[in-house]
Amino acid sequence: MEALTTASLLERWRDGDTDAFAALIQRFEEPLLRHVRVLLGPRGSCEDVVQETFLRLAKKPPAPHPDANQDPSAGHGALAAWLHRVARNLCTDEMRSTSRREQREQAVAPDEAVSGGQSSVDGADTKAAVRRGMDQLPSDQREVLVLRLLDGHSYQEIAEITGLKTGTIGWLLSTGLAALSQILAPMLGNSQPNKMPLGDVQ
Amino acid sequence: MSTHHPLLEKLTAVLMNEADSATQAEIKLALENDPSLAAEEQRLRATIALVQTELGDGQALAPHRVEDLLSSAAKLSGARSEVLTSPHSWGALMRSAAAVVLLSGGVWGVLQYADQGHVEISDEQAYDERIASIARANLLGQLAFRQANPRVASGNPDDQWVGRYRSLANQERQSQQAYDRPLTRDSGVAGEVFEYGELGAAVDFEIEGGAVRESLGMSTTTLSSQLPGEKYGGRSESRKNLSKPGAPGKVSGAPSTPSALATSTPSAPAVGGESWSNFGALGYGGGGGGAYRGPGDSIPPSREAAQAVPSLRQLPDLKRSKSLGTTKGKKDSFPARKDSRLQALGYSTGSPSSIGPANSPEEMEREEIRQDSGMKTGSHEFFLGRDVVDDQLESQESVNLAMGDEPTRPARVPIHIKPIQDTVDQRYQDARHNCLVGPNDHLPNLYQQWWGDNPWELTMADSQATFGADVDTASYGVARNKLLKGQLPGRAGIRTEEFVNYFRPDLVAPTNDALALSVEMAPSFSRDGKDRWLLRVGVRAQEIQAWERDPLALVLVVDVSGSMKNHDRMGLVKRAVERMLDNLDSRDTVAIVTFNGEATEILSPTSVGERDAILAATEAFSPGGGTDAALGLQLGYKVAAAGAAPGVISRVVLLSDGLANTGQTDQVKILESVREHLNRGVHLNTLGVGIEGHNDTFLEQLADGGDGICDFVDDDRAIQRALGERFAGAFIPVADDVKIQVEFNGRQVVRWRQLGYENRAIADAAFRDDAVDAGEVGAGHQVTALFEIELDRGLVYDGTSLATARLRWKDPKVGGQDNSLRQATERSLDIMANDALAHPGSTSPGYQRAAVTAQFAEFLRRSVHARGDSVPALLAAAEELLRDPEFAQDEDTLELVDLIRRATGLGLEEAQLSNAVQAATDDLREIEHVCRQLDSLPGRMNTGDRNRLGAARRQAQERLRQAIAEDEAQAREATGWSHNGILVVQEAETVRKR
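If you read the sequences in order, they're chains G and W. Using this note's numbering, the first residue of the first sequence is number 5, and each one after it goes up by one. Using this note's numbering, the first residue of the second sequence is number 971, and each one after it goes up by one.
What follows is the structure, given as structure tokens:
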């Protein structure tokens, strides 16, 4: 199964092959979880949302991409965009619910308040620090960064997923990356970001 | 917002492999020549690597979830229709459904809720109707509508056409034809002249022969009503609006009655009663009191008033000289709100009954035409005597016309008017004092006045915004009508919150609470070089489906008076009833009471199961006769009381064209009775029929008093909206006294301003005072508030909040319950830095539409905050909304974009600064507000700043004076009022009404 293209897995699932469906879960659960986590925060109901996303795939799979047979990556990209879009919409609903938001805030705020800033992290905490750094970004920047840096989507694909214009995506990515590099400055080794003429100049 | 290296975006694109070859070459060159960019590149690469190594690890769903999914998939692959397990809890729905064990016609039915809201019902035949009803209810999804805030008598944008000229025009009673606007006034921009009222203009004139001197002082509501005299010393007199209402029968010259005297007194306490009886008796806007001044001051106006009568009557063409100011609402007007004004003044006789018997259909129609065509214009004056007089004059006119009584007038009458410099001085002084009034100094129940724009508030001086929820939407409808007719609406009729709340809800309705709070924030439209953000605080009410609501006992009180014959109003009523029945089911009952001169119960409470019987009753309506709404309501309440039962929502629904003019039209008493019944749990909804989108104070106030919704229908689309889509919100309350408070954190937010809700403000301290009344919110409502905030150091991610939004409400009123015991609920939400979105384009479509709508409203208001913003940018943003597939299909959004386009074509951008006086006043008001705030924070400002602020204030004052002087000069020129104070009125001509 693993070797099959996404498009053919989709095709098989549309024909009722549950193994193909399992393969699709395996193929997409990681990027979807990452995406959803970015939107809902660390303790949000990320798995609920991803499960619901796959459930929608199960109930009503999208039509295969017309060029999927010639271009496997187009087929993959189309389904990926579909899944991310569904997940994103579910997240939007989640985020608008008061209780969820409150949970998320409680989850994020205390960590930051007691951490004493990024300079205090040591090596073992790097991962958590990077995570926290990401969590400090506005969620639109965060989302674009994750979709691009971790899941390797092109600007065009991100545009399909988020509904943003590619220009906006470029802007979010560059400002988000710059902001993140400042937040993570203590971990960036030799560079001296604070002396850069880059930062917040009013 | 921070600014970054100019090449940052391109550099990122290169790093991301998304750059074209030209950009790549550009960056390559720049990297070689610009060490700072090279360092930046290193840093970004390191950041990317760090993120990818640290966060790129595998994440997977928990095994049990995968198992769940696979078993669902297995079922689906066999039969796709089978029920799947879903992680999203349908539990709430299932519980509700299980709880809905319906008793109907003695048969029990059980609803079972399956996966997607599919309903199975055991006894098919008995529940056909239920199924249909439930299905319909499911369509009710998105509701947005209006609700009147009982605390503030709000309403419909009124014409802000007030001013000295108008009162002059009032002297001349006969001519009511429409006038052209004076050249000097804001060509094409309706409503600007309103400023004259605001500025407080004063014109003295003198009829040759010295028989009468009249001073007509106008000024702002706020000042005049609030600061009677003492505070502003010598200015107080010019603040009195001295027109007095007359009593019935004055046309014939009957002596004034004590009641006329009594009614006039409260509005002008400084004025001796006697003097007014004469003026009042004549139905004239009189002068006198403190405003009486100039030579001959020793002669009380009262005595001369009587003598003055003939001259006044003969005053020929002041009406034409009125061209000065009396465009008199022709372009921009709304129905007069005389009744509510009277009520505000504590009058008890000022209702239409006092303007003589106008109960024939023709009379009422005439009255209506005047309203519709805006011949009666409202004032934002608190004293309001003048408007009352207007109304009376107009009705007298009708009477006179009816009698064919055309008074004769002499050809020429020269009039002395005040020298221009005096007038300018006075207008300037009034305007300046007006600017000193703070935003919270307004009286809460003024009608249709220009509330000004909410100013920027320094967070350190005032960190809280507290206001009552408002789901009214009338302002949008009226503005739309204007725009569709090719006119820009006047500024005072635009209420930003009503624009924003007009649209269908976009937020997700809560399931576990009556209301839910939500926030969204992104960089603001107008940055102005500052770090500005637009914060949206949304309140969404629970959706209540037909099957989960309590049964309704409705009593329809239907107006079958003569005026209802016209314009297919009866047809509208019948279709409205039909539409209403679509949303009801056999648990509900409907009774029908009709009224004209008398009230009749034509249908006793009947189950909606007998739909045909109810519809048959509506066929029997035969309009004719007078309109005694009080009688109708009385009987309606009696019927409602007889049918009251625990667990039944009892509502009286008044369907009328709102022209109550015989019988007990004392609205105060009607309102008292409405409130009394409300305390017994009977709400009152009102439905205005065929009033062409215009609001009607009477109906709105009644609904306010009855904690119900007031809506207006003039066509089938409006019926669909009012009784189809908004049905649940209108008939099923979910929360009462809904108050919203947003508290800003002064450490992050330098200053903030609220868009709209100018007249819904509540004292900050009253937020938790449950005795303080605020708006009711019905099922499915959405209330949106917008704030612009300015940050100090950009977003700070230190775990402190930017702001806290709080929401407080009480359970809705229920019959038989002690309302003081109702539980108050409070929710709050912290707004953190990482709630902010970095780009406005990232926000939800609903947020974007709210931002566009608010900005549109700000432009239409000629808001000082929108000045300098770009209308084309607004239009582009509006068109951008249609990229959202949902909005591209949504007729309301399409219409919004169309309206913005039309407004742009009508000169929306040019309108922003077309009135120099208005602009200068707005500027000065802003500066005065800053001064006031800083005064409240001693020691916060150094001497240099203080001096600069002082200089700015002086400049603004000078600009205002200059603007007024120019305006006055132009006005006089346009009308032949010479600077030296002699006006020669031209030859009279016979002027016919309309």
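Glycine residues also receive a C-beta, built at the ideal position from the N, C-alpha and C atoms.
Put simply, the CB of G:I29 is near chain W, with a gap under 8 Å to one of its CB atoms. In the structure shown, G:A189 adopts helical secondary structure according to DSSP, grouped into three states.
Of all residues in the stretch 1703-1736 of chain W, none is placed with a Cβ closer than 9 Å to any Cβ belonging to chain G. Taking each of W:G1596, W:G1651, W:V1644 and W:D1627 in turn and checking the Cα distance to W:P1616, the smallest one comes out for W:G1651. Non-local beta-carbon contacts of W:E1849 in its own chain, meaning distances under 7 Å to residues more than five positions away in sequence, involve V1867 in chain order. Under the rule that a run must span 4 or more residues, the alpha helix (DSSP H) segments found entirely inside the stretch 972-1007 of chain W read 978-985 and 991-1003. Closest option to W:K1608, judged by alpha-carbon separation, among W:T1588, W:I1562 and W:F1591: W:I1562.
As computed with DSSP, G:I29 is found in no beta bridge at all. Here DSSP, grouped into helix, strand and coil, assigns W:Q1752 to strand.
Residues of chain G whose Cβ lies closer than 8 Å to the Cβ of W:D1038 are, in chain order, Q55. G:Q160 and G:R146 have their alpha carbons spaced roughly 17 Å apart.
Within chain W, S972, H974, H975, L978, T982, E1010, R1013, L1014 and T1017 have C-beta atoms less than 9 Å from the C-beta of G:A182, given in sequence order. Between G:R41 and G:I165, the C-beta spacing is not below 8 Å.
For the stretch 1523-1556 of chain W, the beta-carbon criterion of a distance under 7 Å to any beta-carbon of chain G is satisfied by none of its residues.
A direct Cα-Cα distance of roughly 45 Å separates W:A1827 from W:G1613. Of all residues in the stretch 57-75 of chain G, only F58, L59, A62 and K63 place a beta-carbon less than 8 Å from a beta-carbon of chain W. Residue pairing of W:M1491 in beta bridges, as defined by DSSP: W:L1505 and W:A1806.
Annotation for W:Q1690: no alpha helix (DSSP H) segment contains it, and DSSP assigns it neither H nor E. G20, T22, F25, A26, I29, E33, E34, L37 and R38: these are the residues of the stretch 7-38 of chain G whose beta carbon lies less than 7 Å from some beta carbon of chain W, given in chain order. Following the DSSP letters along the chain, one finds W:E1571 inside the beta strand (DSSP E) bounded by residues A1569 to S1577.
For W:K1780 and W:D1520, the gap between their C-alpha atoms comes out near 18 Å. About 4 Å separates the beta carbons of W:V1841 and W:E1879, which is inside the 8 Å limit, making them a contact pair.
Residue range V1652 to V1659 is occupied by the beta strand (DSSP E) that includes W:G1658. According to the DSSP assignment, G:V134 belongs to no beta strand (DSSP E) but to the alpha helix (DSSP H) extending over T130 to Q140.
At least one beta carbon of chain G lies nearer than 8 Å to the beta carbon of W:V1478. For W:I1584 against W:V1578, the beta-carbon gap comes to about 7 Å, under 8 Å, which counts as contact.
Of the other Cβ atoms in all chains shown, 16 or more fall within 10 Å of the Cβ of G:E33; this residue is therefore buried.
The Cβ atoms of G:P70 and G:A11 lie no closer than 8 Å to each other.
For G:W175, the C-beta contacts it makes with chain W under 7 Å involve E979 and H1809, in order along the chain.
Residues G1660 of the same chain have their beta carbon placed closer than 8 Å to that of W:D1538, with the five preceding and five following residues left out of the count. The CB of G:E51 comes closer than 8 Å to the CB of L1031, A1032, R1035 and P1057 in chain W, given here in chain order. Secondary structure at W:S1556: coil, using DSSP grouped into helix, strand and coil. In the three-state DSSP reduction, W:P1703 falls in the strand class (E or B). For W:E1468, the closest C-alpha among the options W:A1688, W:H975 and W:L1756 is that of W:L1756.
In the three-state DSSP reduction, W:R1942 falls in the helix class (H, G or I).
When only Cα atoms are considered, W:D1739 and W:L1007 end up about 58 Å apart.
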